[in-house]
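*Asks:* Residue numbers (my numbering): 22 to 184. Ideal Cβ positions, reconstructed from N, Cα and C, are used throughout, including at glycine.
This is how it looks when you write it as C-alpha coordinates:
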(Lines of atoms letter the chains of each structure in order from A; the text may use other names.)
(Lines give C-alpha, C1' and ligand atoms only; values in the text may rest on other atoms or scores of the structure.)
Protein backbone atom coordinates (compact mmCIF):
# COMPACT_ATOMS: atom_id res chain seq x y z
CA UNK A 22 0.00 0.00 0.00
CA UNK A 23 1.09 3.54 -0.51
CA UNK A 24 -0.76 5.14 2.40
CA UNK A 25 -2.59 4.28 5.62
CA UNK A 26 -5.84 5.79 4.34
CA UNK A 27 -5.73 3.56 1.24
CA UNK A 28 -5.40 0.50 3.47
CA UNK A 29 -8.28 1.65 5.71
CA UNK A 30 -10.51 2.40 2.71
CA UNK A 31 -10.10 -1.13 1.39
CA UNK A 32 -9.99 -3.14 4.62
CA UNK A 33 -11.93 -0.92 7.09
CA UNK A 34 -11.51 -2.18 10.69
CA UNK A 35 -9.11 -4.96 9.64
CA UNK A 36 -6.51 -2.39 8.50
CA UNK A 37 -4.97 -2.10 11.98
CA UNK A 38 -4.73 -5.89 12.23
CA UNK A 39 -2.95 -6.02 8.87
CA UNK A 40 -0.45 -3.33 9.90
CA UNK A 41 0.03 -5.07 13.25
CA UNK A 42 1.04 -8.29 11.48
CA UNK A 43 3.68 -6.62 9.31
CA UNK A 44 7.23 -7.17 10.57
CA UNK A 45 8.67 -4.58 8.20
CA UNK A 46 7.58 -1.04 7.38
CA UNK A 47 9.31 0.81 4.55
CA UNK A 48 8.38 4.46 4.06
CA UNK A 49 9.60 5.84 0.74
CA UNK A 50 7.97 9.26 1.07
CA UNK A 51 4.53 10.79 0.84
CA UNK A 52 2.23 13.54 1.99
CA UNK A 53 -0.90 11.75 3.21
CA UNK A 54 -1.67 12.99 6.74
CA UNK A 55 -2.53 9.73 8.51
CA UNK A 56 0.57 8.03 7.09
CA UNK A 57 2.82 10.92 8.18
CA UNK A 58 1.30 10.80 11.66
CA UNK A 59 1.78 7.03 11.88
CA UNK A 60 5.44 7.23 10.76
CA UNK A 61 6.16 10.09 13.16
CA UNK A 62 4.70 8.08 16.06
CA UNK A 63 6.57 4.97 14.94
CA UNK A 64 9.88 6.85 15.08
CA UNK A 65 9.24 7.84 18.68
CA UNK A 66 10.78 10.63 20.71
CA UNK A 67 14.19 11.61 21.95
CA UNK A 68 15.10 13.33 25.19
CA UNK A 69 16.64 16.76 24.91
CA UNK A 70 18.14 18.97 27.60
CA UNK A 71 16.97 22.55 27.70
CA UNK A 72 18.91 25.25 29.54
CA UNK A 73 17.49 28.76 29.91
CA UNK A 74 19.39 31.66 31.38
CA UNK A 75 17.69 34.86 32.38
CA UNK A 76 18.85 38.18 33.63
CA UNK A 77 16.56 40.83 35.10
CA UNK A 78 17.76 44.38 35.53
CA UNK A 79 15.94 46.78 37.68
CA UNK A 80 17.01 48.40 40.92
CA UNK A 81 18.89 45.14 41.41
CA UNK A 82 20.25 42.63 38.90
CA UNK A 83 19.12 39.03 39.25
CA UNK A 84 20.11 35.95 37.33
CA UNK A 85 18.24 32.70 36.82
CA UNK A 86 19.10 29.34 35.33
CA UNK A 87 16.43 26.84 34.33
CA UNK A 88 17.17 23.25 33.31
CA UNK A 89 14.56 20.91 31.78
CA UNK A 90 14.47 17.51 30.14
CA UNK A 91 12.02 17.53 27.25
CA UNK A 92 10.71 14.95 24.82
CA UNK A 93 10.94 15.84 21.12
CA UNK A 94 9.70 13.79 18.16
CA UNK A 95 12.62 12.37 16.18
CA UNK A 96 10.92 13.62 13.02
CA UNK A 97 7.77 15.70 12.94
CA UNK A 98 5.06 15.16 10.33
CA UNK A 99 6.21 18.20 8.35
CA UNK A 100 9.86 17.02 8.42
CA UNK A 101 8.77 13.62 7.09
CA UNK A 102 6.62 15.26 4.39
CA UNK A 103 9.60 17.20 3.00
CA UNK A 104 12.08 14.35 3.39
CA UNK A 105 14.70 14.11 0.61
CA UNK A 106 13.41 11.91 -2.25
CA UNK A 107 16.60 9.82 -2.12
CA UNK A 108 15.96 8.81 1.52
CA UNK A 109 13.67 6.26 3.17
CA UNK A 110 12.72 5.12 6.68
CA UNK A 111 12.85 1.41 7.45
CA UNK A 112 11.55 -0.31 10.55
CA UNK A 113 12.15 -4.00 11.18
CA UNK A 114 10.45 -5.78 14.07
CA UNK A 115 12.64 -5.61 17.18
CA UNK A 116 14.93 -2.91 15.77
CA UNK A 117 14.74 0.86 16.11
CA UNK A 118 13.71 2.54 12.83
CA UNK A 119 16.51 3.93 10.74
CA UNK A 120 16.86 6.64 8.13
CA UNK A 121 18.67 5.43 5.02
CA UNK A 122 19.48 6.12 1.40
CA UNK A 123 17.21 4.45 -1.15
CA UNK A 124 18.94 1.76 -3.17
CA UNK A 125 19.76 2.73 -6.75
CA UNK A 126 18.42 -0.23 -8.77
CA UNK A 127 20.61 0.71 -11.75
CA UNK A 128 23.61 -0.42 -9.65
CA UNK A 129 22.20 -3.94 -9.15
CA UNK A 130 24.04 -6.66 -11.16
CA UNK A 131 20.75 -7.95 -12.61
CA UNK A 132 19.31 -4.55 -13.51
CA UNK A 133 19.77 -5.44 -17.19
CA UNK A 134 16.90 -7.95 -16.90
CA UNK A 135 14.32 -5.30 -15.91
CA UNK A 136 12.00 -3.54 -18.32
CA UNK A 137 13.44 -0.26 -17.02
CA UNK A 138 16.79 -1.20 -18.58
CA UNK A 139 15.45 -2.68 -21.81
CA UNK A 140 11.86 -2.53 -23.10
CA UNK A 141 12.19 -6.03 -24.63
CA UNK A 142 12.11 -7.36 -21.02
CA UNK A 143 8.54 -6.12 -20.57
CA UNK A 144 6.16 -8.99 -19.83
CA UNK A 145 3.56 -9.28 -22.61
CA UNK A 146 0.53 -11.07 -21.14
CA UNK A 147 -1.23 -11.36 -24.52
CA UNK A 148 1.79 -13.06 -26.13
CA UNK A 149 2.10 -15.37 -23.12
CA UNK A 150 -1.58 -16.38 -23.31
CA UNK A 151 -1.23 -17.22 -27.04
CA UNK A 152 1.87 -19.38 -26.46
CA UNK A 153 0.69 -21.42 -23.50
CA UNK A 154 -0.93 -24.78 -24.28
CA UNK A 155 -4.73 -24.94 -24.27
CA UNK A 156 -6.29 -26.50 -21.18
CA UNK A 157 -8.65 -28.55 -23.38
CA UNK A 158 -7.61 -29.49 -26.91
CA UNK A 159 -10.13 -28.57 -29.64
CA UNK A 160 -10.98 -32.22 -30.53
CA UNK A 161 -11.04 -33.51 -26.93
CA UNK A 162 -14.51 -34.25 -25.42
CA UNK A 163 -15.37 -32.49 -22.16
CA UNK A 164 -18.29 -31.87 -19.81
CA UNK A 165 -19.78 -28.41 -19.57
CA UNK A 166 -21.84 -27.41 -16.55
CA UNK A 167 -23.99 -24.31 -16.67
CA UNK A 168 -24.77 -22.79 -13.27
CA UNK A 169 -27.24 -20.10 -12.31
CA UNK A 170 -27.10 -18.15 -9.07
CA UNK A 171 -30.07 -20.17 -7.76
CA UNK A 172 -28.09 -23.38 -8.40
CA UNK A 173 -25.53 -22.22 -5.86
CA UNK A 174 -28.12 -22.21 -3.08
CA UNK A 175 -28.21 -25.31 -0.83
CA UNK A 176 -30.31 -28.30 -2.02
CA UNK A 177 -30.35 -27.29 -5.71
CA UNK A 178 -28.98 -29.57 -8.42
CA UNK A 179 -26.99 -28.65 -11.52
CA UNK A 180 -28.04 -29.41 -15.05
CA UNK A 181 -25.50 -31.35 -17.10
CA UNK A 182 -25.11 -30.83 -20.85
CA UNK A 183 -23.01 -33.05 -23.13
CA UNK A 184 -20.93 -31.30 -25.75
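Would the beta-carbon of residue 148 fall within 9 angstroms of that of residue 44?
*Replies:* No, Cβ-Cβ distance for residue 148 and residue 44 is not below 9 angstroms.
*Asks:* Hey, which unbroken runs of the beta strand (DSSP E) at 3 residues or more fall wholly within the segment 46–88?
*Replies:* For the segment 46–88, whole beta strand (DSSP E) runs of length 3 or above, ordered along the chain, are 66–78.
*Asks:* Taking the alpha carbon of residue 56 as the point to measure from, which residue in 154, 71, 128, 36 has its own alpha carbon closest?
*Replies:* When only C-alpha atoms are compared, the closest one is 36.
*Asks:* Would residue 93 pass as a contact of residue 60 if the rule is Cβ separation under 9 angstroms?
*Replies:* For residue 93 and residue 60, no; Cβs fall outside 9 angstroms.
*Asks:* If we ignore side chains and look at the alpha-carbon of each, how far apart do residue 128 and residue 138 end up?
*Replies:* Taking the straight line from one Cα to the other gives about 11 angstroms.
*Asks:* Please list, in chain order, all residues of the same chain as residue 104 whose beta carbon is under 7 angstroms from its beta carbon, the five residues on each side excluded.
*Replies:* Cβ neighbours of residue 104 beyond the five flanking positions: 50.
*Asks:* Using 8 angstroms for Cβ pairs, my map puts residue 108 next to residue 119. What's the rounded Cβ distance?
*Replies:* The pair is not a contact, with the Cβ atoms about 11 angstroms apart (cut-off 8 angstroms).
*Asks:* In terms of residues, what are the limits of the beta strand (DSSP E) holding residue 167?
*Replies:* First-last of the beta strand (DSSP E) with residue 167: 164–167.
*Asks:* Can you name the start and end residues of the beta strand (DSSP E) that residue 24 belongs to?
*Replies:* No beta strand (DSSP E) contains residue 24, which DSSP labels as neither H nor E.
*Asks:* Quick one: what's residue 108 bridged to in DSSP?
*Replies:* For residue 108, which the question treats as bridged, DSSP gives the partners 122.
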